[in-house]
Amino acid sequence: DARVTQTPRDKVTEMGQEVTMRCQPILGHNTVFWYRQTMMQGLELLAYFRNRAPLDDSGMPKDRFSAEMPDATLATLKIQPSEPRDSAVYFCASGFGQGSGYTFGSGTRLTVV
Amino acid sequence: DQQVKQNSPSLSVQEGRISILNCDYTNSMFDYFLWYKKYPAEGPTFLISISSIKDKNEDGRFTVFLNKSAKHLSLHIVPSQPGDSAVYFCAASERGGSEKLVFGKGTKLTVNP
Chain A
1 DARVTQTPRD KVTEMGQEVT MRCQPILGHN TVFWYRQTMM QGLELLAYFR NRAPLDDSGM
61 PKDRFSAEMP DATLATLKIQ PSEPRDSAVY FCASGFGQGS GYTFGSGTRL TVV
Chain B
1001 DQQVKQNSPS LSVQEGRISI LNCDYTNSMF DYFLWYKKYP AEGPTFLISI SSIKDKNEDG
1061 RFTVFLNKSA KHLSLHIVPS QPGDSAVYFC AASERGGSEK LVFGKGTKLT VNP
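See below:
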């Protein structure tokens, strides 16, 4: 079964530190999303890419968050500096972008203390 | 402004009975709708979808109904099984599902044996 791989699975860091989360989308998928899940907001879109080009990052705090796809096999989400309010589960998802349903990774649980 | 709303945070049903999960949307540009199921500590998994050109789509025990005039969709699970206990997310997209997914906040379904 093809799967979306996210690393690390869990991350605990101190406020002010840089955090990098990685995602390996399913080979051949041309659309990649980053979502954040919190108790209050549910699943919020942070950014998404099609064919490695960013399409929408309006959900992302631009002063501290950045998302990139250095190549088709890797998507990264970076937070610098991290804050306690960034504590959440971050999901990556990939798909063909044609309504076939997107496959989610298992998420990175981030705790900023 | 929440474009996709799941007004019931939780639902409890008996094994063998029908589960009905509801979802409302406000954006008339949405033309593709999906349901995802999520177990704890896992990513959401795609369950079933429906295009706005249809009013019903069925897959085994799962049926999604779409009422475009009311901007309402529902997921029916018949018969419900204890393994269906999870959080169910409704999602919507524009342009046939090729755009970003906008999620509701989820409904936690508990199926009691």
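Protein sequences, first through last, are from chains A and B.
For the first sequence, this note's numbering begins at 1 and goes up steadily by one.
For the second sequence, this note's numbering begins at 1001 and goes up steadily by one.
For every residue, glycine included, the Cβ atom is placed at its ideal position computed from N, Cα and C.
Can you tell me which of the options puts its alpha carbon nearest to the alpha carbon of residue i?
| i | options | result |
| --- | --- | --- |
| A:Thr-31 | A:Ala-75, A:Pro-81, A:Gln-37 and A:Gln-17 | A:Ala-75 |
| B:Ala-1041 | A:Asp-63, A:Gly-101, A:Ala-93 and A:Val-89 | A:Val-89 |
| B:Gln-1006 | B:Gly-1097, B:Phe-1089, B:Lys-1037 and B:Pro-1044 | B:Phe-1089 |
| A:Arg-109 | A:Gly-95, A:Thr-103 and A:Phe-91 | A:Phe-91 |
| B:Ser-1069 | B:Ser-1010, B:Lys-1054, B:Leu-1101 and B:Trp-1035 | B:Lys-1054 |
| A:Ser-87 | A:Pro-61, A:Val-112, A:Glu-44 and A:Leu-43 | A:Val-112 |
| B:Trp-1125 | B:Gln-1003, B:Thr-1107, B:Val-1111 and B:Asn-1112 | The displayed coordinates of chain B run from 1001 to 1113. Any statement about residue 1125 of chain B would go beyond what the structure contains. |
| B:Glu-1099 | B:Ser-1012, B:Phe-1030 and B:Glu-1015 | B:Phe-1030 |
| A:Arg-85 | A:Cys-23, A:Thr-7, A:Tyr-102 and A:Met-15 | A:Met-15 |
| A:Phe-115 | A:Ile-26, A:Glu-18 and A:Asp-10 | Nothing can be reported for residue 115 of chain A, as the shown portion of chain A is limited to 1 through 113. |
| B:Lys-1071 | B:Ser-1010, B:Asn-1027 and B:Pro-1009 | B:Asn-1027 |
| B:Glu-1094 | B:Ser-1019, B:Ile-1077, B:Ile-1018 and B:Tyr-1032 | B:Tyr-1032 |
| A:Pro-23 | A:Ala-2, A:Thr-38, A:Gln-17 and A:Met-69 | Position check: residue 23 of chain A holds Cys in this sequence, whereas Pro was assumed. Ranking A:Ala-2, A:Thr-38, A:Gln-17 and A:Met-69 by Cα distance to A:Cys-23 puts A:Met-69 first. |
Are there 16 or more other CB atoms within 10 angstroms of the CB of residue i, so buried, or fewer, so exposed?
| i | result |
| --- | --- |
| A:Val-12 | exposed |
| A:Arg-36 | buried |
| B:Ile-1050 | buried |
| B:Lys-1038 | buried |
| B:Asp-1001 | exposed |
| B:Ala-1086 | buried |
| A:Ile-79 | buried |
| A:Lys-62 | exposed |
| B:Ile-1077 | buried |
Assuming the contact rule is C-beta atoms closer than 8 Å, residue i and residue j should be a hit. Round their C-beta distance to whole Å, please.
| i | j | result |
| --- | --- | --- |
| B:Leu-1109 | B:Leu-1047 | That pair is no contact at about 12 Å. |
| A:Gly-105 | A:Thr-5 | 6 Å |
| A:Phe-33 | A:Ala-93 | 4 Å |
| B:Thr-1063 | B:Lys-1056 | 7 Å |
| A:Leu-46 | A:Leu-77 | 7 Å |
| B:Gln-1003 | B:Val-1102 | 5 Å |
| B:Pro-1082 | B:Gly-1016 | Not quite, the Cβ-Cβ distance comes to about 10 Å (not below 8 Å), so this is no contact. |
State yes or no: is the C-beta of residue i nearer than 8 Å to some heavy atom of the ligand SAH?
| i | result |
| --- | --- |
| B:Phe-1046 | This structure lacks the ligand SAH, and indeed carries no ligand of any kind. |
message = Check whether the region 1075–1090 of chain B and the region 1023–1035 of chain B touch, using three or more Cβ-Cβ pairs below 8 Å as the test.
response = Counting Cβ pairs under 8 Å, three or more are found: they touch.
message = Can you confirm whether the region 21–31 of chain A touches the region 43–61 of chain A when touching is taken to mean that 3 or more C-beta pairs between the two stretches lie within less than 8 Å?
response = Contact between the region 43–61 of chain A and the region 21–31 of chain A is present: three or more C-beta pairs spanning the two stretches fall below 8 Å.
request  = With a floor of 3 residues, list each beta strand (DSSP E) that falls wholly inside the region 13–82 of chain A, ordered by position along the chain.
outcome  = The qualifying runs are 19–24, 31–38, 42–50, 53–56, 65–71 and 74–79.
inquiry  = Report the start-end ranges of each alpha helix (DSSP H) in the region 1071–1102 of chain B that is 4 residues or longer and not cut off at the edges.
reply    = DSSP runs (the alpha helix (DSSP H)) wholly in the region 1071–1102 of chain B: none.
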